[in-house]
Amino acid sequence: MDTSAAGCTGTTTCNGLNVNVSNSAGVSVANFTVPAASLGGTYTQPITNLNAGSYTVAGSTIASTTVTYTPNATPSITAGNTSSVTVKYTAPVVTTGKATISLASVVPNYTGNLQVQILNTKASSAVVNTYTIKQGASFTTEDLPVTDSTHAYVVKMTTGIADPLQGLYYVESGLPALKITKGQTTSLAVPMKASTIAKKNVTVAISGMSTGDTAGVTFSDAANKYSYVNYTNLANSSPVYKIESGLNLGTSVAASGNSYVTNPITDTGVVNAAKTISAAFAAKPVSANNYDYTAGYQGGAGATVTITQNTAIVNPKTAVITTNFAPTVAGNCFTSTWGGVTSTTKAIGSSYQTTVTANDSTDWSGKVTPGYLNLAVGCGLSGGATVLSGVEYGIVNGVSIDGSTLNITQPCSSTSCKDPGNGKIISGYYPDWARYGKKFPLSKVPFANMNEVL
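Residue numbering for the sequence shown is 105 to 558, as defined by the numbering used here.
#1: Can you tell me the Cα-Cα spacing of T459 and I452, whole angstroms?
#2: From W442 to T461, what distance separates their C-alpha atoms?
#3: Hey, is the region 211-229 in contact with the region 322-342, meaning 3+ C-beta pairs nearer than 8 Å?
#4: Shortest alpha-carbon distance to S486 belongs to which of P474, D464, A430, V418?
#5: For S142, which of helix, strand or coil comes out of DSSP?
#6: Where does K226 sit, in a helix, a strand or coil, going by DSSP?
#7: On the criterion of 16 or more Cβ atoms from any shown chain inside 10 Å, does A339 qualify as buried, or is it exposed?
#8: Tell me whether the beta-carbon of P63 lies closer than 8 Å to the beta-carbon of V189.
#9: Near I381, which residues of its chain fall below 6 Å by C-beta distance, leaving aside the five closest residues on each side in sequence?
#10: Is it right to say E348 is buried, meaning 16 or more other beta carbons lie within 10 angstroms of its own, or is it exposed?
#11: Quick one: what's G385 bridged to in DSSP?
#12: So, with DSSP's three-state summary, where would you put F438?
#13: Taking C-beta to C-beta, are K304 and A377 nearer than 8 Å?
#14: Using the C-alpha atoms, what's the distance from T446 back to G435?
#15: Within 8 Å of any Cβ in chain D, is that where the Cβ of V161 sits?
#16: Pick out whichever of V210, K471, L154, S277 has its Cα sitting closest to the Cα of Q270.
#17: At what residues does the beta strand (DSSP E) containing C483 begin and finish?
#18: Quick test of your reading: I205 and F243, contact by CB under 8 Å. State the CB separation rounded to the nearest angstrom.
#19: DSSP on P249, reduced to helix/strand/coil?
#20: Between the region 238-257 and the region 149-167, can you find at least three pairs of beta-carbon atoms closer than 8 Å?
#21: Can you give me the start and stop residues for the beta strand (DSSP E) that L207 sits inside?
#22: Output yes or no for whether 8 Å exceeds the beta carbon distance between I512 and N394.
#23: So, are the CB atoms of G361 and D317 less than 8 Å apart?
#24: Curious, which full-length beta strand (DSSP E) runs of at least 3 residues does the region 300-361 contain?
#25: Beta carbon of T172, beta carbon of G145: below 8 Å?
#26: I'd like the span of the beta strand (DSSP E) that includes S168, first residue to last.
#27: Could you tell me the alpha carbon to alpha carbon distance between T152 and N124, rounded to whole angstroms?
#28: Going by DSSP, what residues sit across from A407 in a beta bridge?
#29: My understanding is that Y456 touches T449, with C-beta atoms under 8 Å, so please give their C-beta distance in whole angstroms.
#30: Using 8 Å for Cβ pairs, my map puts D506 next to K421. What's the rounded Cβ distance?
#31: On the DSSP letters alone, give me the boundaries of the beta strand (DSSP E) that S504 sits inside.
#32: If you draw a straight line from the C-alpha of G157 to the C-alpha of P175, how long is it?
#33: Taking buried to mean at least 16 other C-beta atoms within 10 Å of its own C-beta, is G114 buried or exposed?
#34: Under three-state DSSP, which class holds Y274?
This is the structure in structure tokens:
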């Protein structure tokens, strides 16, 4: 057994190498395993007491090697004689190498992925492969043909890196040559240099956002020259960015809320001088539809929100409910399927804003069916907030559907309501202990017959 050219030394690739000898009937008459200590060299195994006849020698496989039998794999045994068979494993000659490419951190605020390409200049700068890298990191290539008359490599960053707020612009310094050597891993650091092109001030004037909303600003350029830092959590403000002169710049300003006529607001154009981009968000008009809510008894169930559709709301996806308390949302809120919605709540000043979104569904084949809110059913909100000393009460201050604000139902908005007390004050007394019997919840108080509630 000759494994001297199989690349076994220092690895476990060849461990368990096995040889089987079978007679002309296919019956195994001998079997042995080459000792691990003999792998990477030659090993001789005598097999005795064989009957005269024809035999077949078969060695197990070693990955990425070829095997030969000398003189052949089917020796014939004659009485009183010894026949020798050499089984030789040979690994292919290594004609490849690898490279480890690294990239220094030159624009600290950029944390996204970047792309690096290896080009073969002997083949019209064909792209050998494209890799993903982050600043301050590295990657190792797969096996590449060695540098020769048909292979000459250069390393190319597909974009530069830019942080306009800080005025940082970096590009690759030329296309560095990469030499691939047989059986070796070559290290190369991508050289980066600061751009010397003049910068122009571009002011992005953000206004009109509702309380609690924030904006994100993203940049791009038509030539895809740079990968840009993204800016988030911006309030109504006017940040100034330093933009490289001559860039055909694309700017997008996106508000976190969905109650605006246009969102995101975009702008494109070549920057040759200082300019201001207006990102004035305009609220969507108030819907012709209304909402109402029923409050529970003191310390009880919070509020149940209902929607009146004076005009059809088509495929409603998201409802935003503003309350005076942080609610627990029932699983059947605006859905006839339990768990058909997902809700999140955040504090906005002294109020709470709860976003309820209909869940999509995915069947066994992976097909996604969009989910929509069922506004014909109400939305139960558990909880309450202290409105008077010792009194907890749930108040729904506002509702919007897909960014369109709804007014609360106002029974007296179109007609003049008659004074039910004819000038006299009718008061209602609600003892705290009455809530335990639940026979007279606040939602059942005859407000239509009262002109003052104490």
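Ideal Cβ positions, reconstructed from N, Cα and C, are used throughout, including at glycine.
Per the coordinate set shown:
#1: Taking C-alpha positions only, T459 is separated from I452 by approximately 12 Å.
#2: Each residue's alpha carbon lies about 13 Å from the other.
#3: Taking 8 Å as the limit for Cβ pairs, the verdict is that the region 322-342 does touch the region 211-229.
#4: Of the candidates P474, D464, A430, V418, the one whose C-alpha sits nearest the C-alpha of S486 is A430.
#5: DSSP places S142 in helix when its eight states are reduced to three.
#6: Under the three-state reduction of DSSP, K226 is assigned to helix.
#7: Looking at its Cβ environment, which holds fewer than 16 other Cβ atoms inside 10 Å, A339 is exposed.
#8: Not covered by the structure: residue 63. The range shown for the chain is 105 to 558.
#9: Result list for I381: V308, T355, D371, in chain order.
#10: It is buried - the Cβ of E348 has at least 16 other Cβ atoms within 10 Å.
#11: Strictly speaking, residue 385 in this sequence is Phe, with Gly absent from that position. Here F385 is not bridged, per DSSP, to any residue.
#12: Residue state, collapsed to three classes: coil.
#13: Yes, they are a contact pair.
#14: Straight-line spacing of the CA atoms in G435 and T446 works out to 8 Å.
#15: In the structure shown, chain D cannot be found, because there is only a single protein chain.
#16: Taking only the C-alpha atoms, the option nearest Q270 is V210.
#17: For C483, the enclosing beta strand (DSSP E) begins and ends at 483-486.
#18: At roughly 6 Å, the Cβ-Cβ gap stays under 8 Å, so I205 and F243 are in contact.
#19: Three-state result, P249: strand.
#20: Contact between the region 149-167 and the region 238-257 is absent, with fewer than three C-beta pairs closer than 8 Å.
#21: Note, L207: beta strand (DSSP E), 200-207.
#22: Yes, the Cβ-Cβ distance between I512 and N394 is below 8 Å.
#23: Against a cut-off of 8 Å, the Cβ pair of D317 and G361 comes out as a contact.
#24: Counting only runs of at least 3 residues, the region 300-361 fully encloses the following beta strand (DSSP E) elements, listed from N- to C-terminal order: 303-311, 319-325, 330-332, 335-338, 344-348, 352-359.
#25: Not in contact: T172 and G145 (Cβ atoms no closer than 8 Å).
#26: Unbroken run through S168: none, as it is neither H nor E.
#27: When rounded, the distance between both Cα atoms is 14 Å.
#28: Note: A407 sits in a beta bridge opposite A399, L485.
#29: Between T449 and Y456 the Cβ distance is about 6 Å, and since that is below 8 Å, they are a contact.
#30: Contact annotation, D506 with K421: C-beta distance approximately 6 Å; criterion of less than 8 Å satisfied.
#31: In the DSSP assignment, S504 falls within the unbroken beta strand (DSSP E) covering 500-505.
#32: Between G157 and P175, the C-alpha separation is close to 16 Å.
#33: Classification of G114: exposed, given that the 10 Å Cβ count is below 16.
#34: If DSSP states are grouped into helix, strand and coil, Y274 belongs with the strands.
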